[in-house]
Amino acid sequence: MSESNSEKPFAAVIPRITGTTSAVSSSLIIYIICRSEKKLSTIYHRIMFAMSCADIMSSIAMALTTLPMPNESVCEGEDFWEGRLGNIQTCEAQAFF
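In my numbering, the protein residues as written are 62 to 158.
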């Protein structure tokens with residue numbers, strides 16, 4: 062089953078919205094923990110802090126989605142949405158995350 066041309070932008074835009082929302086939410090959790098009286102003295106706060114830090118990194122990678130992809134298509138016949146701004150190095154950095 063192939064995607065129609067109208068569905069391709071949604072496949073790139075939706076992860077950007079959800080990734081950004083997740084990164085902002087995790088940043089808010091970190092802010093709340095750092096502003097609390099207990100800070101990182103409880104195990105719960107330490108776990109939430111570490112999970113939020115990891116979520117921020119993965120959410121930013123998800124929010125970038127097709128942006129770090131090289132403009133040159135790696136495989137002939139691939140027809141991605143035109144949201145690619147990167148090169149080989151940015152694609153490899155995205156793959157790291």
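Beta carbons are placed, not taken as given, at the ideal position from N, Cα and C, and that holds for glycine.
For the alpha helix (DSSP H) that contains residue i, what are its first and last residues?
i    : result
T151 : 149–157
Exposed or buried, residue i, counting other C-beta atoms within 10 Å across all chains shown (16 or more means buried)?
i    : result
T103 : exposed
R96  : exposed
S113 : buried
R145 : buried
A84  : buried
Looking only at C-alpha atoms, which of the options sits nearest to residue i?
i    : options                : result
P129 : V85, R107, F158        : F158
S87  : I149, N148, A111, E153 : A111
V74  : I93, Y105, C152, M123  : M123
N52  : L125, T126, I149       : Missing from the structure shown is residue 52; the chain here goes from 62 to 158 and no further.
Nearest chain C C-beta to residue i closer than 8 Å, yes or no?
i   : result
R77 : Absence of chain C from the displayed structure is noted, only one protein chain being present.
Just list the residues that DSSP pairs residue i with in beta bridges.
i    : result
P131 : G147
So, does the region 75–94 touch the region 111–124, judging by three or more C-beta pairs under 8 Å?
yes
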